[in-house]
Amino acid sequence: AMGAHRGVLVTDPALEGSDAWSTARVLAAALRELEFDLIFAGFDTSDGVGGVVGPAVATLLGLPYLSSAAKIEPDPGAGTVRVRRISATGFDVLAAPMPALVVGTQLLGAPRYPSLKGIMAARSKEVVTRSLADLGLDGASVGGGASRTTLTDQRKPPERGATQVVRGSAEDGAKAIVELLASRRLI
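The following block contains the structure:
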């Protein structure tokens with residue numbers, strides 16, 4: 004409903020417990036079956052926050068990798084893509100031949116959410132389902148058993164201490180801060 008012409012769903016019980024490397028291998032295998040000019044990937048994920056799947060897919064497919072994109076300018080006529088990328092000094096402009104893989108950031112903007120008409124039209128779009136066998140992969144080479152990384156511990160962050168609010172003049176505030184820091188032996 005957000006602009007795709009069709010979808011590909013890769014599903015297989017053997018994928019349970021996959022790490023970023025296995026995910027990249029599966030995505031690369033699925034992408035080898037498709038024709039594309041550009042592959043778009045997110046900067047990182049909300050679950051693993053590793054930010055490594057996009058670059059790994061580009062590496063496995065032998066594609067140029069353009070990271071941290073704040074603006075993307077494909078030129079199909081020239082067969083190239085230009086990316087304005089966040090850097091330590093501001094922005095860099097990168098160019099690469101297509102096909103390429105571009106990792107976008109939130110600076111690209113908010114997604115355009117579909118209208119009701121778009122949502123209804125999405126129901127007629129093709130969604131192809133692929134298994135690992137369809138992609139020429141076996142469950143032992145990807146999934147939990149093949150993971151190169153293992154989650155060994157997971158904890159909630161420590162709770163913050165109580166907040167102290169000081170009301171009054173700037174002088175009163177400064178005194179309170181000094182007293183607090185001194186009581187904690189920070190000064």
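Residues 4 to 190 (the working numbering) make up the sequence shown, in order.
Yeah, the Cβ is synthetic: ideal placement off N, Cα and C, and Gly gets one too.
For residue i, name the three-state secondary structure that DSSP assigns.
| i | result |
| --- | --- |
| residue 169 | coil |
| residue 72 | strand |
| residue 58 | helix |
| residue 10 | strand |
| residue 90 | strand |
| residue 95 | strand |
| residue 18 | helix |
| residue 44 | strand |
Can you give the Cα-Cα distance for residue i and residue j, rounded to whole angstroms?
| i | j | result |
| --- | --- | --- |
| residue 8 | residue 53 | 29 Å |
| residue 90 | residue 80 | 28 Å |
| residue 28 | residue 63 | 7 Å |
| residue 83 | residue 70 | 15 Å |
| residue 183 | residue 160 | 24 Å |
| residue 116 | residue 189 | 50 Å |
| residue 93 | residue 113 | 21 Å |
| residue 74 | residue 173 | 44 Å |
Just to confirm my understanding: we take residue i, look at its own chain, exclude 5 residues before and 5 after, and list those with CB closer than 8 Å. What are they?
| i | result |
| --- | --- |
| residue 39 | 102 |
| residue 169 | 175, 176, 179 and 180 |
| residue 78 | 84 and 85 |
| residue 197 | Because the chain in this structure spans residues 4 to 190, residue 197 falls outside the shown range and cannot be described. |
| residue 130 | 9, 10, 11 and 12 |
Please list, in chain order, all residues of the same chain as residue i whose beta carbon is under 6 Å from its beta carbon, the five residues on each side excluded.
| i | result |
| --- | --- |
| residue 67 | 99 and 103 |
| residue 95 | 88 |
Under 7 Å Cβ to Cβ from residue i, same chain only, skipping five residues before and after it: list those, please.
| i | result |
| --- | --- |
| residue 132 | 12 and 14 |
| residue 150 | 20, 21, 22 and 25 |
| residue 136 | none |
| residue 146 | 17, 18, 19, 20, 21 and 25 |
Could you spell out the range, first to last residue, of the alpha helix (DSSP H) harbouring residue i?
| i | result |
| --- | --- |
| residue 121 | 119-125 |
| residue 30 | 23-34 |
Return the first residue and the last residue of the beta strand (DSSP E) that residue i is part of.
| i | result |
| --- | --- |
| residue 136 | It is not in any beta strand (DSSP E) - residue 136 carries neither H nor E in the DSSP assignment. |
| residue 105 | 103-107 |
Quiz item: Should the segment 18-34 be regarded as contacting the segment 136-155, the criterion being three or more beta carbon pairs within less than 8 Å?
Solution: yes
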